[in-house]
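Residue numbers (the working numbering), protein chains in the order written: chain A, 72 to 372; chain C, 12 to 143.
All C-beta atoms in this analysis are idealised placements derived from N, C-alpha and C, irrespective of residue type, glycine included.
Only a predicted model underlies this, so the values are computations on that prediction, with no experimental measurement involved.
Shown next as structure tokens:
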């Protein structure tokens with residue numbers, strides 16, 4: 072069992088900053104979703120967590136201690152790209168894993184591979200992209216590890232097998248394993264993850280429990296009496312994270328106090344007041360959209 | 012009777028609140044009766060493909076609200092004692108949420124308190140007509 076702490080992690084490749092001052096914590100037995108646009112630094116973060124890439128500065132701690140070989144052995148990692156050997160059969164991969172990892176369960180691997188409908192006799196080169204992903208996920212889960220790090224564990228899979236991978240993740244978490252996974256399919260993260268972090272251009276844009284983020288963040292929508300109507304006291308209100316105006320319609324992204332903000336709009340004489348719930352995709356898009364664009368909208372009264 | 016719960020993870024309503032609402036609704040409707048066992052946290056998480064800690068959080072709140080009780084090692088059950096009270100409270104919770112939503116919506120599109128009151132009493136008259 073493990074709590075993983077990422078502290079001020081920074082990784083540069085020459086002049087390119089892949090990860091910049093990243094800090095967050097993954098509690099024990101948590102399913103943690105890592106989200107971010109392409110090239111945001113998700114894979115680099117995983118590599119630094121596993122010491123497959125050496126952090127330029129900062130640290131990754133497992134129960135307060137740096138990664139040691141004994142901890143590394145307890146981590147099952149599924150990378151984004153296939154690491155299967157093209158000329159080897161699935162059965163030979165199972166055998167190789169059995170030799171490599173002490174906790175590896177051959178019956179469990181066979182059971183999982185059968186659930187995905189994977190033929191043990193097939194060579195890796197004969198597997199589709201989705202079936203390669205499924206094979207890697209099955210081999211990782213059969214290790215019965217304390218910590219699972221999955222980089223895009225559903226890529227290339229059909230919806231039925233995607234759902235199956237999510238249920239496997241949920242099952243791992245229910246037995247006490249800590250699972251951290253990335254996915255571009257926000258709907259999957261929304262289902263399986265208890266907490267998320269959003270990374271954007273190497274930096275932490277947002278972090279928290281999915282249900283808390285949804286409960287705390289609402290859109291207050293209002294129709295103003297006129298296009299040039301002054302929003303006295305609302306611009307700069309700490310409860311409003313951003314304010315978008317389009318003609319007479321104003322949308323405020325609020326933190327914690329949507330009803331108070333709504334009352335304030337009402338007091339100003341706005342009509343058509345509405346509190347709109349945000350799903351994780353909305354929250355993600357707000358987190359990664361450039362803040363300076365917001366400033367323009369606010370200024371452009 | 013198997014418990015049929017559904018959640019919409021893509022909604023903006025936190026999933027644990029959806030689970031709480033559905034269990035309360037099921038109790039209010041008598042689909043879940045006193046003493047009936049709920050699925051285990053793990054089973055419900057797998058049935059709905061949602062996070063187990065999210066289910067556990069919903070169960071904790073349902074326990075705090077007196078809707079269910081959990082016996083260590085045996086699972087979670089709909090409260091036997093004062094189930095009539097629980098049922099009434101659960102029904103009131105569900106109805107209040109629906110009603111508040113409707114009033115907020117009506118107000119936001121510009122109806123006055125008086126107009127909303129008229130709508131509410133017309134609706135009550137229509138649905139309770141057979142009682143008159």
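C-beta atoms of residue i and residue j nearer than 9 angstroms
i	j	result
residue 214 of chain A	residue 252 of chain A	no
residue 321 of chain A	residue 314 of chain A	yes
residue 346 of chain A	residue 281 of chain A	no
residue 184 of chain A	residue 154 of chain A	no
residue 189 of chain A	residue 149 of chain A	no
residue 65 of chain C	residue 34 of chain C	no
residue 341 of chain A	residue 264 of chain A	no
residue 195 of chain A	residue 159 of chain A	yes
residue 397 of chain A	residue 229 of chain A	Nothing can be reported for residue 397 of chain A, as the shown portion of chain A is limited to 72 through 372.
residue 269 of chain A	residue 308 of chain A	no
residue 100 of chain A	residue 279 of chain A	no
residue 262 of chain A	residue 237 of chain A	yes
residue 138 of chain A	residue 121 of chain A	yes
residue 349 of chain A	residue 336 of chain A	no
residue 191 of chain A	residue 260 of chain A	no
residue 57 of chain C	residue 245 of chain A	yes
residue 36 of chain C	residue 101 of chain C	yes
residue 126 of chain A	residue 82 of chain A	yes
residue 319 of chain A	residue 300 of chain A	yes
residue 225 of chain A	residue 186 of chain A	no
residue 277 of chain A	residue 220 of chain A	no
residue 114 of chain A	residue 151 of chain A	yes
Exposed unless 16 or more other CB atoms sit within 10 angstroms - verdict on residue i
i	result
residue 123 of chain A	exposed
residue 375 of chain A	The shown model of chain A, from 72 to 372, leaves out residue 375 of chain A, and the question about it has no answer.
residue 68 of chain C	buried
residue 199 of chain A	exposed
residue 93 of chain A	buried
residue 363 of chain A	Low confidence applies here, because residue 363 of chain A scores a pLDDT of 45, under 50, leaving its location unreliable; read the following figure in that light. Exposed.
residue 356 of chain A	exposed
residue 297 of chain A	exposed
residue 243 of chain A	buried
residue 90 of chain C	buried
residue 317 of chain A	exposed
residue 250 of chain A	buried
residue 63 of chain C	buried
residue 178 of chain A	exposed
residue 84 of chain A	exposed
residue 86 of chain A	exposed
residue 139 of chain C	exposed
residue 110 of chain C	exposed
residue 232 of chain A	buried
residue 70 of chain C	buried
residue 137 of chain C	exposed
residue 82 of chain C	exposed
residue 209 of chain A	buried
residue 123 of chain C	exposed
residue 26 of chain C	buried
residue 44 of chain C	exposed
residue 366 of chain A	The predicted position of residue 366 of chain A is uncertain, since its pLDDT is 40 and thus under 50; no value can be drawn from it.
residue 79 of chain C	buried
residue 136 of chain A	exposed
Whole-Å CB distance - residue i paired with residue j, under 8 angstroms assumed
i	j	result
residue 59 of chain C	residue 16 of chain C	7 angstroms
residue 310 of chain A	residue 283 of chain A	So it is not a contact: roughly 16 angstroms between Cβ atoms.
residue 112 of chain A	residue 89 of chain A	5 angstroms
residue 145 of chain A	residue 218 of chain A	6 angstroms
residue 206 of chain A	residue 227 of chain A	The pair is not a contact, with the Cβ atoms about 11 angstroms apart (cut-off 8 angstroms).
residue 24 of chain C	residue 61 of chain C	With 8 angstroms as the limit, residue 24 of chain C and residue 61 of chain C do not qualify as a contact, their Cβ atoms being about 13 angstroms apart.
residue 140 of chain A	residue 359 of chain A	36 angstroms between Cβ atoms; not a contact.
At least 3 beta-carbon pairs within less than 8 angstroms: the stretch 74-84 of chain A vs the stretch 322-332 of chain A: no
Validate contact between the stretch 47-59 of chain C and the stretch 300-307 of chain A using beta carbons, cut 8 angstroms, 3 pairs: no
Touch test, the stretch 124-136 of chain A against the stretch 259-273 of chain A, Cβ-Cβ under 8 angstroms, three pairs minimum: no
Given 8 angstroms, three or more beta-carbon pairs between the stretch 97-113 of chain C and the stretch 36-43 of chain C: yes
4-residue-minimum alpha helix (DSSP H) runs that sit fully inside the stretch 112-157 of chain A, ordered along the chain: 113-120, 140-143
Those runs of the beta strand (DSSP E) which lie wholly inside the stretch 56-118 of chain C and span at least 3 residues: 79-82, 86-89
Unbroken stretches of the alpha helix (DSSP H), 4 residues or longer, contained in the stretch 154-186 of chain A: 161-171, 177-186
Alpha helix (DSSP H) runs contained entirely in the stretch 252-335 of chain A, provided each spans 4 or more residues: 257-263, 281-287
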